[in-house]
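There are 2 protein chains.
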Amino acid sequence: MNNKYFNKKIILSNYPVGLSKKDDFSVIAEEIDPLNDNDILIKTKYVGIDAALRLLLRDSDDFLFRVKKDDLIRGSIVGEVIESKNPKFSEGDYVLGSLGVQKYCVSTGEDIEKCDLSLANPELWLSGMGIPGLTAYFSLLDVCKPSPDKNVLITGAAGAVGSIAGQIAKLAGSKVIGTTSSDEKCKWLIEELGYDYAINYKNKDWFEKLSSVSDKRLDIIFDNTGGHVMDESLKIIGMKGIVLLCGSTSQYSENEIKGPNNYIWLGTMRARLQGFVIFDYEDRYEEARINLSKWLNEEKLKMPTHLVEGDIDKFPEIFEDLYKGKNYGKFVLKLKD
Amino acid sequence: MNNKYFNKKIILSNYPVGLSKKDDFSVIAEEIDPLNDNDILIKTKYVGIDAALRLLLRDSDDFLFRVKKDDLIRGSIVGEVIESKNPKFSEGDYVLGSLGVQKYCVSTGEDIEKCDLSLANPELWLSGMGIPGLTAYFSLLDVCKPSPDKNVLITGAAGAVGSIAGQIAKLAGSKVIGTTSSDEKCKWLIEELGYDYAINYKNKDWFEKLSSVSDKRLDIIFDNTGGHVMDESLKIIGMKGIVLLCGSTSQYSENEIKGPNNYIWLGTMRARLQGFVIFDYEDRYEEARINLSKWLNEEKLKMPTHLVEGDIDKFPEIFEDLYKGKNYGKFVLKLKD
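Structure below.
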C-alpha cells in the first residue's frame, strides 16, 4: 500500500432513549494499517440504513446481538475494491458486505460477496438485490406463497422490504394492501408500485378502511412494523393464515417492546406467526438475484432506493429520518468522493 | 314420553368481572317438551369444566363465539340416553356432546357421538378420550412432532390438556418440563405423570430454574396459559421451534388480554407461534381414540380426571375452583342421581 488511507467510522457514544439523536453517535478518524496477505481494502460507496439496527443499540443483553458503547455501528455497505492482496478480488470490483458504517474497510474476503453489475447497478445491491429484496423474495415465495385467490397485507409497505414484497405479491396475482405513514406514500404505493390499496395508519379510521377493502379475511400479513397496526390486523387474519414476522420497526425504539394482544386470533383461525431470517437462504441468493434482476430489466419490478448524498458523518441524521418515515424504499447514504 | 322430566340448566346472569362468581350464573328449571321424531333425550352424567368458557362470557363481540346474558352455559357433557326416537341411538347408550350445562338435553343426534365404553369409562370421554386428549394427541403428534432429541415445555402442565400432552411427549422420548401453580402439583407431575421436571411458576426464580433444567433451548412450547409464563419462555425458544397455541387460561378472565412481548424471539429463532383447533381433525378422532385407549390399557398413559360430585348447580363453584387451580387434570362435575 503506497498511499495512506484515513478511515472515518461511526461509533456508538450513548445508548439512545427513544428515537436516536445525533449525539448518540461519534465519528472516529484513524489511519488504516498496511494490508496483510489475503486482505482487501474497500472504499465504501453506499451505506444501507437499516431500521433493525435500533434494536441492537440497547443497553441490554436481552437480544442475541448488540452494539455496545464505542463499537462500530453495524451496517451493510457496497464498496469498491481499491487494493487487494486476495486472489479472488481485484481492484475495481464492487463488493457487498455487512462491514459497518465507515469510509474504508479491510476484509479478508470471507464476509463479502462480489456485486455482478451486469445484473443491477451498485446501489441496488443494498435494496432489491440485497438483503431487503432477498428477504421479500424468499419469505413471500418460499413461506407465505401468495396466489391469485389471496389477500395480502404488507405493513410498513413503503419501507425497504415492504416496497419489494408488495410488488412480488402483485406479480403472484394476489390482492395487495399496504399500510404506511402518510397520504403521499399511499399515493406512491398505488401509482408507482401497483398496490391495490394503501392505507395511512395515522388516520383514525384506518382499521375500518382495512376491513372494508379486504372483502374477506387476510390470508397473509407480511409484518414489518409490529405494534398497533399488526396487532389490530390480527383480528382479521384468515383461516390457516400466516403472519410473517419480518420486522418490528414500531417497537425497536420503544423502551418496552409490546407484543400482539390479539394473538388469540391465531388460535381461533389456526393461523401462525412465523419467524424468518434471510441467512437461512444463503445458498439460494444467486437464484433469487437472477429472477429479481430479470423482473427489474423487464420493468416488472422496481427496486425503490432512497439515495441521500453526503459524507459518512451524515449517518446519524439519516438514521433519524428513517425513523421519521422519510424514506420511499431502502434508505441509502451515497458517500461523496 | 310417559314420564315428565324437569330440566335444570345454568344460564349466564351477569358478565363476570375478573374471576367469575356464583352470582354470575343462575339456575333455571323447566319442563322438557315431548320428543319429536329423531329426538333423543339424554340425562347428563358428567359435565366437563372448561377454562376456555371464560373467554366467551365477555360482553364484547371481539371473539367469534360468545355466551350472552340468559344464554345456556356452554359445556361438554357425557350422558345416558333415556329415551330415543332416533334409530341410531338406543336407551342406555352413553353419548358425548357439547350440549351445555344442564341436567337433561334433547338432541337430534347430529351434535353427539356414542362413547364406546369398551375403550374407556364414561368420565374419561371428557378427559383423555375427549377434546382434551384429542387436542393433546393431534397438536403434539401432528404439529409439534416431539422426538428424543427435543426439549418440550408444557405450560399449564397439570390441566386438562397439559396433563395428557406431557405424557405423550414422554412417550415420544422427549425431555418434558412442566409449569404449574403449586409445589404439590409439581410433585404430582413428576411422580404420577412422569414429567422430567416441574416448576412452580409462582416461585420468583421459576425462569432461572426453567433455563437451568432445559440445558438447551426449547424445541416445543406447548402453551395452555399464555401470559407471563409463556412470554418469558419465548426468550429460550429454540431454532425453528414451535409454540403451540393451545390455550390462554391466564388471560381469559383479564379485562385486557395481553400478548407475548417477547415475540421478537420468534423472528430471531425462525420459530413460530402456531394456532390449533381440534375440530379440524374430526375425521381422525377414531384413530386417536384407539391409540389413546391402548396406551391407557397398557398403563402407558393416565387420563387424569378430577371428579367432584354434586348437583348441576354446583357448576359455578367448580368453575371458580378451576380458575383457582384446584384441579389435577380435567375438572369434571359428576351429577348425583
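These protein sequences, in sequence, are chains S and L. For the first sequence, the UniProt record's numbering gives the first residue as 1, with consecutive numbering after it. For the second sequence, the UniProt record's numbering gives the first residue as 1, with consecutive numbering after it. Where a beta carbon is used, it is the ideal one built from N, C-alpha and C, also for glycine.
Does the beta-carbon distance from residue i to residue j come in below 8 Å?
i, j, result
"L35 of chain L", "F25 of chain L", "no"
"A169 of chain L", "S293 of chain L", "no"
"Y201 of chain S", "S181 of chain S", "yes"
"G128 of chain S", "T249 of chain S", "no"
"V106 of chain L", "E91 of chain L", "no"
"L210 of chain L", "I220 of chain L", "no"
"V27 of chain L", "D337 of chain L", "no"
"S214 of chain L", "I177 of chain L", "yes"
"I32 of chain S", "N86 of chain S", "no"
"K22 of chain S", "P316 of chain S", "yes"
"L234 of chain L", "N262 of chain L", "yes"
In its own chain, which residues sit with a C-beta less than 8 Å from the C-beta of residue i, not counting the 5 before and 5 after it?
i, result
"G275 of chain L", "L245"
"K216 of chain S", "N151 and G238"
"S147 of chain S", "A172, G173 and S174"
"N255 of chain L", "V17 and G18"
"A51 of chain S", "G159, A160, G247, T249, Y252, L322 and Y323"
"Y137 of chain L", "I164, I168, A288, N291 and L292"
Report the residue from the options whose alpha carbon sits nearest the alpha carbon of residue i.
i, options, result
"P122 of chain S", "S:T108, S:V78, S:I112 and S:D111", "S:V78"
"G75 of chain L", "L:G109, L:F89, L:K204 and L:L56", "L:L56"
"K69 of chain L", "L:S107, L:L117, L:C105 and L:Y15", "L:Y15"
"T225 of chain L", "L:K103, L:P260, L:K85 and L:V47", "L:P260"
"F222 of chain S", "S:R284, S:K185, S:C186 and S:T135", "S:T135"
"L266 of chain L", "S:F63, S:R270, S:I28 and S:Y323", "S:F63"
"S60 of chain L", "L:I257, L:A288 and L:L273", "L:I257"
"S20 of chain S", "S:D337, S:G325, S:K324 and S:E320", "S:E320"
"D142 of chain L", "L:V213, L:D33, L:L296 and L:A288", "L:A288"
"Y285 of chain S", "S:G109, S:K85 and S:W125", "S:W125"
"I278 of chain L", "L:I28, L:K300, L:I131 and L:N38", "L:I131"
"D280 of chain L", "L:S139, L:P87 and L:K314", "L:S139"
"E282 of chain S", "S:E299, S:I112 and S:F65", "S:I112"
"I203 of chain L", "L:V229, L:W188 and L:L218", "Here residue 203 of chain L is Asn; the residue named in the question, Ile, does not match the sequence. Residue L:V229 is the option with its Cα nearest to N203 of chain L."
"G325 of chain L", "L:W295, L:L335, L:E30 and L:T179", "L:T179"
"T268 of chain S", "S:R54, S:G310, S:I154 and S:I236", "S:I236"
"W295 of chain S", "S:G133, S:S84, S:I73 and S:D183", "S:G133"
"I264 of chain S", "L:I154, L:C144 and L:G227", "L:G227"
Give every residue of the same chain whose Cβ lies closer than 6 Å to the Cβ of residue i, excluding the five residues on either side of it in the sequence, and list them in chain order.
i, result
"K302 of chain L", "none"
"F207 of chain L", "E232"
"N327 of chain S", "H306"
"Q167 of chain S", "L193 and L301"
"E30 of chain S", "N7"
"R54 of chain L", "Y252 and S253"
"K185 of chain S", "A158"
In its own chain, which residues sit with a C-beta less than 7 Å from the C-beta of residue i, not counting the 5 before and 5 after it?
i, result
"I318 of chain L", "I49, V308, F331 and L333"
"C115 of chain L", "V78, Y94, V95, L96, P122 and W125"
"R58 of chain S", "Y15 and R66"
"G310 of chain S", "L333 and K336"
"W188 of chain L", "A158 and Y328"
"D71 of chain S", "I11 and L12"
"P304 of chain S", "S127, S163, Y328, G329 and K330"
"S118 of chain S", "none"
Rounded to the nearest angstrom, how far is the Cβ of residue i from that of residue j, given a contact under 8 Å?
i, j, result
"V161 of chain L", "V101 of chain L", "At roughly 20 Å, the Cβ-Cβ gap does not stay under 8 Å, so V161 of chain L and V101 of chain L are not in contact."
"V95 of chain S", "I10 of chain S", "The pair is not a contact, with the Cβ atoms about 20 Å apart (cut-off 8 Å)."
"G329 of chain L", "S163 of chain L", "4 Å"
"Y104 of chain S", "T44 of chain S", "7 Å"
"N38 of chain S", "G109 of chain S", "6 Å"
"K272 of chain S", "I242 of chain S", "Checking the displayed sequence, the identity of residue 272 of chain S turns out to be Arg instead of Lys. Confirmed, about 6 Å."
Residue i touches chain C at which residues, Cβ-Cβ below 7 Å?
i, result
"I257 of chain S", "Here chain C cannot be found, since the structure's protein chains are S and L."
The stretch 124-139 of chain S: positions lying closer than 8 Å to chain L by Cβ: Answer in chain order: no residues at all.
Residues, ordered as in the chain, of the stretch 56-69 of chain S that lie near chain L by beta-carbon distance below 8 Å: Taking 8 Å as the Cβ-Cβ cut-off against chain L, the residues of the stretch 56-69 of chain S that qualify are D62, F63 and L64.
Short-range partners of chain L found in the stretch 272-285 of chain S, where Cβ spacing is below 9 Å: Correct list: R272, L273, Q274, G275, F276, V277 and D280.
Interfacial residues, the stretch 236-251 of chain S to chain L, with Cβ spacing under 7 Å: Residues passing the 7 Å Cβ filter: L245 and S248.
Residues in the stretch 37-54 of chain S having any Cβ partner in chain L nearer than 9 Å: Listed in chain order, the positions of the stretch 37-54 of chain S with a beta carbon within less than 9 Å of a beta carbon of chain L would be empty, since no residue qualifies.
Within 9 Å of chain S by C-beta, residues of the stretch 260-272 of chain L in sequence order: If the cut-off is 9 Å between Cβ atoms, the stretch 260-272 of chain L has P260, N261, N262, Y263, I264, W265, L266, G267, T268, M269, R270, A271 and R272 near chain S.
Members of the stretch 75-96 of chain S that neighbour chain L once the beta carbon cut-off is set at 8 Å: Hits within the stretch: zero.
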